[in-house]
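**Q** Take any residue in the sequence shown, note its place counting from 1, add 15, and you have its number in this note's numbering. Even for Gly, the Cβ is constructed at its ideal location relative to N, Cα and C. Values in this document were obtained by computation on a predicted structure and should not be read as measured data.
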Amino acid sequence: MTKKALITGITGQDGSYLAELLLGKGYEVHGLIRRASTFNTSRIDHLYQDPHDPEAKLFLHYGDLSDGARLVTLLHEIDPDEVYNLAAQSHVRVSFDEPEHTGDTTGIGAMRLLEAVRMAGVNCRYYQASSSEMFGATPPPQNEETPFYPRSPYGAAKVYAYWVTRNYREGYGMFATNGILFNHESPRRGETFVTRKVTRAVARIQAGLDDYVYMGNLDAIRDWGYAPEYVEGMWRMLQADEPDDFVLATGGNFTVRDFVVTAFEHAGLDWEKHVKFDERYLRPTEVDALIGDASKAKDKLGWVPKVQTDELARIMVDADVELLKHEGRHWIDRPTLEDWPTFGTRA
Ligand code: NAP
Ligand code: F7E
């Protein structure tokens, strides 16, 4: 029988790769989308299926993690086998500007979804997008046993979501798993995260469109992996015999500066001529070093990342150089939101 999955955050970086993966595995995929004043499906437009095609397997539904009643209705209607909660206000710097909204969606939103699963009486496996930001100030290497010390409203909200996921597992016997993912990037990464900001800037500077990129703390250490490999790890977690918590990481040790140097060098540019400091990109509290130990995922799930950070930087620069050549074109080629298959209402 065809398996059904519900993905919250399907319009985001990970949601788009996960939708691709699950469709490739023959799943019927349902995505939660928010109403926006402009179309925001560009990461999944290539997965568009004609709504009149009886074989269509991708369905989008309006909803929001702040609207618990809507989540209950949707879970009841869809009756999924797997639920992936990827939706969040996911930007750490922004969480200092919008702490309440971040707590409401990134933290309490997870509880609303878990509670909706329970209230709808759906028998499904649940994945929670937990984060290495929960480790915050605790020094590396970090694994599933490392104590949490979040350093932002975002990190604190993810700690709440982590524990409520464990609580529903232990209290109600739900198959609820936390994937504790270290930074993972791709050409589909949001433009204001540091890797993508840098690779876009490299492409624009090389093309003569910009001269400088303004940045904050270049000394922070991160463990950057390749997003398509990480969504495969999410899927593996829900195929395991038991629900559990797993770290996904490369174990790599790169400063922001190292990433900058690799990206600029790949384009034949001298980074020191183009990178300027702007204190507005600093955070009130910084996470100095995140380096993950994914041994448990390797042993229990057979998950091993192949793309290391230097290769990732080159993949992203190449993609942004290419994208710049075609910029604007996707606005012409894309389907309109009206054309997407949905179960119920349309806006
Ligand atoms: P992303 O690109 O920022 O995508 C976030 C998604 O959440 C978008 O689809 C967004 O919809 C949706 N969303 C935001 N608020 C919502 C709400 N109130 N209700 C419903 N949907 C909402 O994030 P990502 O990089 O793909 O990350 C996926 C998840 O993994 C997030 O939970 C993130 O916190 C977590 N995580 C990410 C990383 C990483 O390195 N990428 C590492 C660890 C954990 P719109 O398109 O409408 O904005
Ligand atoms: O920052 C420094 C910044 O915003 C990385 C999210 O996906 O991963 C992500 O959170 C580092 C920080 O990601 C700029 O201070 C310097 O030390 O790309 P970022 P993040 O904060 O690590 C975790 C695992 C998540 O869960 C989150 O959802 O880079 N940095 N200069 C800068 N960062 C930004 N954004 N912009 C700068 O100009």
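What is the residue span of the beta strand (DSSP E) that T265 lies within?
**A** Where T265 is concerned, there is no enclosing beta strand (DSSP E), given that its DSSP letter is neither H nor E.
**Q** Can you tell me which of A125, E92, T17 and A84 puts its alpha carbon nearest to the alpha carbon of G24?
**A** The option with the nearest alpha carbon to G24 is A125.
**Q** Taking DSSP as the reference, what is the three-state secondary structure of T192?
**A** T192: strand per DSSP, three-state reduction.
**Q** Who's in the neighbourhood of the ligand F7E, going by beta-carbon under 5 Å from any heavy atom, listed in chain order?
**A** Counting every residue whose Cβ lies closer than 5 Å to a heavy atom of the ligand F7E, we get S105, V107, S146, S147, E148, N198, F208, V209, M230, G231, N232, A235, V271 and Y296.
**Q** Under a three-way DSSP split, which group does G30 fall into?
**A** Of the three classes helix, strand and coil, the one that applies to G30 here is helix, per DSSP.
**Q** Please report the Cβ distance between G238 and L196, rounded to the nearest whole angstrom; I am assuming they are in contact, meaning their Cβ atoms lie under 8 Å.
**A** Contrary to the premise, residue 238 reads as Asp rather than Gly in this sequence. Actually they are not in contact, since the Cβ atoms of D238 and L196 sit about 10 Å apart, beyond 8 Å.
**Q** Does the Cβ of T214 lie closer than 7 Å to at least one heavy atom of the ligand NAP?
**A** Not under cutoff, so the answer is no.
**Q** Mapping DSSP to helix, strand and coil, what is T161?
**A** In the structure shown, T161 sits in coil (DSSP, three-state: anything other than H, G, I, E or B).
**Q** Work out the CA separation of A235 and G27 for me, nearest whole Å.
**A** Approximately 24 Å, taken between the alpha carbons.
**Q** Quick one: is the Cβ of I123 within less than 7 Å of any heavy atom of the ligand NAP?
**A** Answer for I123: no, Cβ out of range of the ligand NAP.
**Q** Are R140 and L47 closer than 8 Å when you measure CB to CB?
**A** No, the Cβ-Cβ distance between R140 and L47 is not below 8 Å.
**Q** Would you mind giving the Cβ-Cβ distance between A51 and V87, rounded to the nearest angstrom? I have them listed as a contact below 8 Å.
**A** Going by Cβ atoms, the distance from A51 to V87 rounds to 23 Å, so no, they are not a contact pair.
**Q** Tell me, please, whether the region 181-191 touches the region 148-158 by the rule of three or more beta-carbon pairs shorter than 8 Å.
**A** No, the region 181-191 does not touch the region 148-158.
**Q** Using a threshold of 8 Å, state whether the C-beta atoms of E148 and G83 are closer than that.
**A** Cβ distance not < 8 Å, so E148 and G83 don't count as in contact.
**Q** Considering just the uninterrupted stretch of the alpha helix (DSSP H) at H281, what are its terminal residues?
**A** Taken as a continuous stretch (DSSP letters only), the alpha helix (DSSP H) holding H281 covers V271 to H281.
**Q** Residues in its own chain within less than 6 Å of Y245 by CB, not counting five upstream and five downstream?
**A** Excluding sequence neighbours, Y245 sits near L196, H199 and L263.
**Q** Quickly, what does DSSP pair G401 with across the bridge? List them, please.
**A** Summary: the structure shown does not reach residue 401, with the chain confined to residues 16 through 362, and so no result is reported for it.
**Q** Hey, is I25 close to the ligand NAP, as in C-beta under 7 Å from one of its heavy atoms?
**A** Yes, the Cβ of I25 comes within 7 Å of a heavy atom of the ligand NAP.
**Q** Please name the residue, chosen from D260, V107 and H116, that lies closest to R181 on a Cα-to-Cα basis.
**A** That would be D260, whose Cα lies nearest to the Cα of R181.
**Q** From the DSSP output, in three-state form, read off A235 for me.
**A** Of the three classes helix, strand and coil, the one that applies to A235 here is coil, per DSSP.
**Q** Regarding G205 and the ligand NAP, is the C-beta to nearest heavy atom distance less than 7 Å?
**A** Within the cutoff, so yes.
**Q** Give the C-beta separation of S110 and T120 to the nearest angstrom, bearing in mind that I take them to be a contact with Cβ-Cβ under 8 Å.
**A** Incorrect: roughly 10 Å between the Cβ atoms, too far for contact.
**Q** Under 8 Å between the Cβ atoms of Y77 and L33?
**A** Contact: no.
**Q** Run the CB neighbour count on L224, radius 10 Å, all protein chains shown included, and call it buried at 16 or more, exposed below.
**A** By the 10 Å Cβ count, L224 comes out exposed.
**Q** Which residues does DSSP list as the beta-bridge partners of G307?
**A** The partner list for G307 (beta bridge, DSSP) reads Q157.
**Q** Could you tell me if D314 is buried or exposed, where buried requires 16 or more neighbouring beta carbons within 10 angstroms of its beta carbon?
**A** It counts as exposed.
**Q** Measuring alpha carbon to alpha carbon, tell me which of R295, V137, G267 and G283 ends up nearest P95.
**A** Comparing Cα positions, the closest option is V137.
**Q** According to DSSP, is Y141 part of a helix, a strand, or is it coil?
**A** Y141: strand per DSSP, three-state reduction.
**Q** How should P162 be labelled, buried or exposed, when 16 other C-beta atoms within 10 angstroms of its C-beta is the threshold for buried?
**A** Label assigned to P162: exposed.
**Q** Which residue's Cα is closest to the Cα of L297: N268, M331, D112 and A176?
**A** Nearest C-alpha to L297: D112.
**Q** With respect to the beta strand (DSSP E) encompassing M230, which residues constitute its N-terminal and C-terminal limits?
**A** Counting along the chain, the beta strand (DSSP E) containing M230 begins and ends at V228 to M230.
**Q** DSSP on N182, reduced to helix/strand/coil?
**A** Three-state result, N182: helix.
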